[in-house]
Amino acid sequence: MASRLLRKAIVCFSEKVTPQSLSSCRQMSSGVQQITMIPGDGIGPEISQSVKDIFSASGVPVEWEDVDVTPVKGPDGNFRLPQKIFDSMSRTKVGLKGPLATPIGKGHQSLNLALRKAFTLYANVRPCKSIEGFKTPYNNVDLVTIRENTEGEYSGIEHIIVDGVVQSIKLITEEASMRVAEYAFKYAHDNNRDSVTAVHKANIMYRMSDGLFLKCCRHVAEKNPDMKFREMYLDTVCLNMVQDPTQFDVSAFEVIREGKVLTGDLGGSSKCSELTQEICRKVQELA
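For the sequence shown, full-length UniProt numbering assigns the number 1 to the initial residue and increments by one for each residue that follows.
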(Lines of atoms letter the chains of each structure in order from A; the text may use other names.)
(Lines give C-alpha, C1' and ligand atoms only; values in the text may rest on other atoms or scores of the structure.)
Protein backbone atom coordinates (compact mmCIF):
# COMPACT_ATOMS: atom_id res chain seq x y z
CA MET A 1 0.00 0.00 0.00
CA ALA A 2 2.82 2.40 0.90
CA SER A 3 4.51 1.79 -2.44
CA ARG A 4 1.27 2.54 -4.29
CA LEU A 5 0.88 5.77 -2.33
CA LEU A 6 4.44 6.70 -3.27
CA ARG A 7 3.68 6.20 -6.96
CA LYS A 8 0.57 8.35 -6.68
CA ALA A 9 2.40 11.04 -4.71
CA ILE A 10 5.07 11.44 -7.36
CA VAL A 11 3.26 12.71 -10.45
CA CYS A 12 5.15 12.23 -13.71
CA PHE A 13 5.66 15.12 -16.10
CA SER A 14 7.78 14.06 -19.03
CA GLU A 15 6.68 12.61 -22.32
CA LYS A 16 8.95 9.63 -21.75
CA VAL A 17 7.74 8.80 -18.24
CA THR A 18 4.27 7.73 -17.11
CA PRO A 19 2.99 6.89 -13.62
CA GLN A 20 3.21 3.22 -14.61
CA SER A 21 6.91 3.52 -15.39
CA LEU A 22 8.02 5.14 -12.15
CA SER A 23 9.89 1.97 -11.21
CA SER A 24 12.29 2.63 -14.10
CA CYS A 25 13.79 5.56 -12.19
CA ARG A 26 17.30 5.07 -10.87
CA GLN A 27 17.47 2.89 -7.76
CA MET A 28 20.28 1.81 -5.49
CA SER A 29 21.49 -1.78 -5.65
CA SER A 30 19.54 -2.47 -2.45
CA GLY A 31 16.28 -1.56 -4.18
CA VAL A 32 15.94 1.72 -2.29
CA GLN A 33 14.67 4.64 -4.39
CA GLN A 34 16.76 7.79 -4.15
CA ILE A 35 14.76 11.05 -4.15
CA THR A 36 16.03 14.62 -4.18
CA MET A 37 14.40 16.65 -1.40
CA ILE A 38 14.25 20.44 -1.65
CA PRO A 39 12.98 21.46 1.83
CA GLY A 40 12.28 25.04 0.77
CA ASP A 41 11.49 28.10 2.90
CA GLY A 42 9.01 29.06 5.59
CA ILE A 43 7.16 25.94 6.70
CA GLY A 44 8.94 23.96 3.99
CA PRO A 45 11.49 22.20 6.23
CA GLU A 46 8.75 21.29 8.72
CA ILE A 47 6.38 19.71 6.20
CA SER A 48 9.28 18.10 4.35
CA GLN A 49 10.32 16.37 7.58
CA SER A 50 6.71 15.25 8.07
CA VAL A 51 6.82 13.58 4.66
CA LYS A 52 10.01 11.78 5.63
CA ASP A 53 8.43 10.63 8.91
CA ILE A 54 5.37 9.28 7.11
CA PHE A 55 7.43 7.40 4.55
CA SER A 56 9.65 5.99 7.29
CA ALA A 57 6.69 4.84 9.39
CA SER A 58 5.13 3.25 6.30
CA GLY A 59 8.29 1.37 5.47
CA VAL A 60 8.62 2.91 2.02
CA PRO A 61 12.09 2.04 0.61
CA VAL A 62 13.27 5.62 0.03
CA GLU A 63 16.53 7.42 0.66
CA TRP A 64 16.35 11.22 0.73
CA GLU A 65 19.04 13.53 -0.60
CA ASP A 66 18.48 17.03 0.80
CA VAL A 67 19.50 19.91 -1.46
CA ASP A 68 19.47 23.63 -0.70
CA VAL A 69 18.61 25.66 -3.80
CA THR A 70 19.51 29.08 -2.40
CA PRO A 71 20.69 30.97 -5.52
CA VAL A 72 24.39 31.68 -5.93
CA LYS A 73 25.91 34.74 -7.60
CA GLY A 74 27.74 33.96 -10.82
CA PRO A 75 30.78 35.72 -12.33
CA ASP A 76 28.45 37.91 -14.39
CA GLY A 77 26.72 39.18 -11.27
CA ASN A 78 23.48 37.30 -11.95
CA PHE A 79 22.00 34.82 -9.50
CA ARG A 80 21.54 31.21 -10.58
CA LEU A 81 20.65 27.81 -9.19
CA PRO A 82 23.53 26.02 -7.44
CA GLN A 83 25.23 23.20 -9.34
CA LYS A 84 24.34 20.68 -6.63
CA ILE A 85 20.66 20.63 -7.65
CA PHE A 86 21.65 19.63 -11.19
CA ASP A 87 24.03 16.97 -9.88
CA SER A 88 21.41 15.52 -7.54
CA MET A 89 18.56 15.46 -10.06
CA SER A 90 20.80 13.89 -12.69
CA ARG A 91 21.38 11.02 -10.26
CA THR A 92 17.92 10.51 -8.74
CA LYS A 93 15.58 11.61 -11.57
CA VAL A 94 12.91 12.22 -8.89
CA GLY A 95 12.39 15.33 -6.77
CA LEU A 96 10.08 16.51 -4.00
CA LYS A 97 9.99 20.27 -3.45
CA GLY A 98 8.76 22.34 -0.54
CA PRO A 99 7.53 25.95 -0.92
CA LEU A 100 10.15 28.43 -2.11
CA ALA A 101 10.06 32.12 -1.19
CA THR A 102 10.19 34.61 -4.06
CA PRO A 103 11.37 38.23 -3.62
CA ILE A 104 8.54 40.64 -4.41
CA GLY A 105 9.44 43.23 -7.03
CA LYS A 106 13.20 42.87 -6.59
CA GLY A 107 16.03 40.41 -5.98
CA HIS A 108 16.67 37.15 -7.77
CA GLN A 109 14.29 35.48 -10.22
CA SER A 110 11.60 33.16 -8.89
CA LEU A 111 13.28 29.86 -8.02
CA ASN A 112 10.14 28.04 -9.14
CA LEU A 113 10.51 29.61 -12.57
CA ALA A 114 14.25 28.93 -12.58
CA LEU A 115 13.65 25.24 -11.81
CA ARG A 116 11.05 24.98 -14.58
CA LYS A 117 13.41 26.44 -17.14
CA ALA A 118 16.48 24.53 -15.92
CA PHE A 119 14.79 21.14 -16.20
CA THR A 120 12.29 21.99 -18.97
CA LEU A 121 9.36 21.33 -16.64
CA TYR A 122 6.82 22.22 -19.29
CA ALA A 123 3.78 20.25 -18.08
CA ASN A 124 2.04 21.16 -14.85
CA VAL A 125 0.03 18.02 -14.06
CA ARG A 126 -2.55 18.42 -11.31
CA PRO A 127 -4.84 15.45 -10.59
CA CYS A 128 -7.92 16.05 -8.44
CA LYS A 129 -9.81 12.99 -7.23
CA SER A 130 -12.40 12.37 -4.54
CA ILE A 131 -11.24 10.14 -1.70
CA GLU A 132 -13.74 7.59 -0.50
CA GLY A 133 -14.80 8.26 3.08
CA PHE A 134 -13.99 11.99 3.03
CA LYS A 135 -17.08 14.16 2.77
CA THR A 136 -16.70 17.15 0.43
CA PRO A 137 -19.13 19.47 -1.41
CA TYR A 138 -18.60 17.34 -4.55
CA ASN A 139 -18.66 13.59 -5.04
CA ASN A 140 -16.98 11.39 -7.65
CA VAL A 141 -14.54 14.08 -8.79
CA ASP A 142 -11.80 12.64 -11.00
CA LEU A 143 -10.18 15.25 -13.23
CA VAL A 144 -6.69 16.28 -14.29
CA THR A 145 -5.50 19.73 -15.35
CA ILE A 146 -2.36 20.01 -17.48
CA ARG A 147 -0.89 23.48 -17.90
CA GLU A 148 1.97 24.65 -20.12
CA ASN A 149 4.49 25.71 -17.54
CA THR A 150 7.28 27.63 -19.29
CA GLU A 151 5.67 30.21 -21.57
CA GLY A 152 2.83 32.70 -21.53
CA GLU A 153 3.04 35.05 -18.57
CA TYR A 154 5.64 32.69 -17.12
CA SER A 155 8.14 33.65 -19.82
CA GLY A 156 9.47 36.26 -17.41
CA ILE A 157 10.09 38.79 -20.19
CA GLU A 158 9.47 42.37 -19.08
CA HIS A 159 11.16 45.73 -19.36
CA ILE A 160 10.70 49.42 -18.68
CA ILE A 161 9.65 51.38 -21.77
CA VAL A 162 9.84 54.79 -20.10
CA ASP A 163 9.66 55.87 -16.47
CA GLY A 164 6.32 54.76 -15.09
CA VAL A 165 5.55 52.35 -17.93
CA VAL A 166 6.47 48.65 -17.74
CA GLN A 167 5.75 46.13 -20.49
CA SER A 168 5.37 42.39 -19.87
CA ILE A 169 5.50 40.08 -22.89
CA LYS A 170 3.36 36.97 -23.21
CA LEU A 171 5.37 34.52 -25.30
CA ILE A 172 3.69 31.55 -27.01
CA THR A 173 5.43 29.22 -29.45
CA GLU A 174 4.10 26.47 -31.65
CA GLU A 175 6.75 24.08 -30.37
CA ALA A 176 5.75 24.43 -26.71
CA SER A 177 2.03 24.39 -27.48
CA MET A 178 2.33 21.22 -29.55
CA ARG A 179 4.46 19.61 -26.85
CA VAL A 180 1.97 20.17 -24.04
CA ALA A 181 -1.00 19.26 -26.24
CA GLU A 182 0.65 15.99 -27.26
CA TYR A 183 1.45 15.28 -23.63
CA ALA A 184 -2.18 15.89 -22.61
CA PHE A 185 -3.49 13.40 -25.16
CA LYS A 186 -0.77 10.88 -24.30
CA TYR A 187 -1.60 11.22 -20.62
CA ALA A 188 -5.28 10.68 -21.39
CA HIS A 189 -4.51 7.53 -23.38
CA ASP A 190 -2.04 6.13 -20.86
CA ASN A 191 -4.47 6.63 -17.98
CA ASN A 192 -7.63 5.39 -19.72
CA ARG A 193 -9.27 8.82 -19.85
CA ASP A 194 -12.20 9.57 -22.12
CA SER A 195 -11.72 13.18 -23.19
CA VAL A 196 -9.44 16.20 -23.44
CA THR A 197 -10.61 19.81 -23.11
CA ALA A 198 -8.54 22.71 -24.48
CA VAL A 199 -9.04 25.73 -22.22
CA HIS A 200 -8.30 29.17 -23.68
CA LYS A 201 -9.19 32.86 -24.02
CA ALA A 202 -8.76 33.20 -27.76
CA ASN A 203 -12.13 34.90 -28.04
CA ILE A 204 -11.26 38.33 -26.62
CA MET A 205 -7.96 39.03 -24.88
CA TYR A 206 -5.43 36.71 -26.48
CA ARG A 207 -6.62 35.99 -30.00
CA MET A 208 -3.20 35.39 -31.56
CA SER A 209 -1.38 33.73 -28.64
CA ASP A 210 -4.18 31.56 -27.31
CA GLY A 211 -5.29 31.16 -30.90
CA LEU A 212 -1.97 29.49 -31.71
CA PHE A 213 -2.31 27.23 -28.66
CA LEU A 214 -5.83 26.27 -29.71
CA LYS A 215 -4.69 25.57 -33.27
CA CYS A 216 -2.04 23.18 -31.94
CA CYS A 217 -4.58 21.39 -29.74
CA ARG A 218 -6.88 20.94 -32.72
CA HIS A 219 -4.02 19.52 -34.79
CA VAL A 220 -3.15 16.97 -32.10
CA ALA A 221 -6.83 16.12 -31.64
CA GLU A 222 -7.08 15.25 -35.35
CA LYS A 223 -4.31 12.68 -34.83
CA ASN A 224 -6.26 11.15 -31.93
CA PRO A 225 -9.76 10.54 -33.35
CA ASP A 226 -10.51 7.96 -30.66
CA MET A 227 -10.30 10.62 -27.93
CA LYS A 228 -13.18 13.03 -27.32
CA PHE A 229 -12.05 16.63 -27.73
CA ARG A 230 -13.73 19.93 -26.93
CA GLU A 231 -12.77 23.59 -26.62
CA MET A 232 -13.93 25.86 -23.81
CA TYR A 233 -13.34 29.45 -22.73
CA LEU A 234 -11.47 29.76 -19.45
CA ASP A 235 -14.33 31.71 -17.86
CA THR A 236 -16.80 28.97 -18.75
CA VAL A 237 -14.51 26.27 -17.40
CA CYS A 238 -14.13 28.08 -14.07
CA LEU A 239 -17.90 28.44 -13.77
CA ASN A 240 -18.65 24.85 -14.73
CA MET A 241 -15.88 23.43 -12.58
CA VAL A 242 -17.36 25.12 -9.51
CA GLN A 243 -20.89 24.01 -10.39
CA ASP A 244 -20.07 20.42 -11.40
CA PRO A 245 -16.42 19.35 -11.60
CA THR A 246 -17.37 15.78 -12.52
CA GLN A 247 -18.03 16.86 -16.12
CA PHE A 248 -14.29 17.30 -16.74
CA ASP A 249 -11.70 14.61 -17.44
CA VAL A 250 -8.36 15.93 -18.77
CA SER A 251 -8.03 19.69 -19.38
CA ALA A 252 -5.09 21.33 -21.18
CA PHE A 253 -4.32 24.97 -20.37
CA GLU A 254 -1.89 27.31 -22.09
CA VAL A 255 -1.76 29.34 -18.85
CA ILE A 256 -4.03 30.05 -15.91
CA ARG A 257 -4.36 33.76 -15.40
CA GLU A 258 -6.21 36.51 -13.60
CA GLY A 259 -6.24 34.62 -10.31
CA LYS A 260 -9.35 32.69 -11.32
CA VAL A 261 -7.69 29.30 -10.90
CA LEU A 262 -4.50 28.70 -8.97
CA THR A 263 -2.25 25.67 -9.26
CA GLY A 264 1.24 24.83 -8.08
CA ASP A 265 4.40 24.54 -10.09
CA LEU A 266 5.24 21.06 -11.29
CA GLY A 267 6.68 19.44 -14.33
CA GLY A 268 9.18 17.06 -15.83
CA SER A 269 11.40 16.23 -18.77
CA SER A 270 14.00 13.76 -19.99
CA LYS A 271 16.47 15.48 -17.67
CA CYS A 272 14.19 15.38 -14.64
CA SER A 273 11.77 12.49 -14.59
CA GLU A 274 9.59 13.80 -11.79
CA LEU A 275 9.45 16.87 -9.58
CA THR A 276 6.58 17.05 -7.12
CA GLN A 277 5.58 20.08 -5.09
CA GLU A 278 3.65 20.38 -1.84
CA ILE A 279 -0.03 21.36 -1.97
CA CYS A 280 -0.02 24.27 0.49
CA ARG A 281 1.70 27.54 -0.24
CA LYS A 282 4.25 29.39 1.87
CA VAL A 283 2.78 30.47 5.21
CA GLN A 284 4.12 33.80 6.46
CA GLU A 285 2.97 33.41 10.04
CA LEU A 286 1.50 30.55 12.04
CA ALA A 287 -1.05 31.36 14.73
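Virtual Cβ for every residue (Gly too), placed ideally from N, Cα, C.
Asked: DSSP bridge partner residues for GLU63 (one or two, in chain order); Found: GLN34
Asked: Host alpha helix (DSSP H) of LYS52 (start-end); Found: 44-58
Asked: Stretch pair the region 178-189 + the region 211-228: three plus CB contacts closer than 8 Å; Found: yes
Asked: DSSP state of LEU143 mapped onto helix, strand, coil; Found: strand
Asked: Same chain only: Cβ atoms within 6 Å of PHE79, ignoring 5 sequence neighbours per side; Found: PRO71, LYS73 and HIS108
Asked: Presumed contact (8 Å Cβ cut-off) between THR120 and ILE35, rounded CB distance; Found: That belief does not hold up - the Cβ atoms of THR120 and ILE35 are roughly 20 Å apart, past 8 Å.
Asked: Cβ pair ALA198, GLU231 closer than 8 Å; Found: yes
Asked: Beta strand (DSSP E) runs wholly inside the region 207-253, at least 3 long, in chain order; Found: 228-233 and 250-253
Asked: HIS200, DSSP secondary structure in three states; Found: strand
Asked: Contact under 8 Å by Cβ, VAL251 with VAL242; Found: Position check: residue 251 holds Ser in this sequence, whereas Val was assumed. No; because the gap between Cβ atoms is not below 8 Å, this pair is not in contact.
Asked: Of the listed residues ALA118, ILE172, PRO39 and GLU158, nearest to MET208 (C-alpha basis); Found: ILE172
Asked: ILE85: first and last residue of the uninterrupted alpha helix (DSSP H) it sits in; Found: 83-92
Asked: ILE85 vs VAL62 beta-carbon contact at 8 Å; Found: no
Asked: Nonlocal neighbours in the same chain, by C-beta distance under 7 Å from LYS201, ignoring five residues either side; Found: ASP210, TYR233 and LEU234
Asked: Length of the line joining the Cα atoms of GLY59 and GLU65; Found: 17 Å
Asked: Integer Cβ distance of PHE248 from LEU81, believed to fall under 8 Å; Found: Incorrect: roughly 35 Å between the Cβ atoms, too far for contact.
Asked: Outcome for PRO137 when other beta-carbon atoms lying within 10 angstroms are tallied against a minimum of 16; Found: exposed
Asked: Continuous beta strand (DSSP E) assignments of at least 3 residues falling wholly in the region 96-175; Found: 123-129, 142-148, 152-162 and 165-171
Asked: DSSP bridge partner residues for SER195 (one or two, in chain order); Found: LYS228
Asked: Beta-bridge partners of LYS73, as assigned by DSSP; Found: PHE79
Asked: Coil, strand or helix - ASP41 by DSSP; Found: coil
Asked: Distance, PRO103 Cα to ASP163 Cα; Found: 22 Å
Asked: Per-residue DSSP class, three states only, for GLN68; Found: The residue asked about is misnamed: residue 68 is Asp in this sequence, not Gln. Coil.
Asked: Nearest residue (CA-CA) to GLU151, options TYR122, SER90, PHE229 and GLY44; Found: TYR122
Asked: Neighbourhood of ALA176 by C-beta distance below 7 Å, restricted to the same chain and skipping five residues each side; Found: TYR122, GLU148, THR150 and GLU151
Asked: Spatial distance of SER88 from VAL67 (CA atoms); Found: 8 Å
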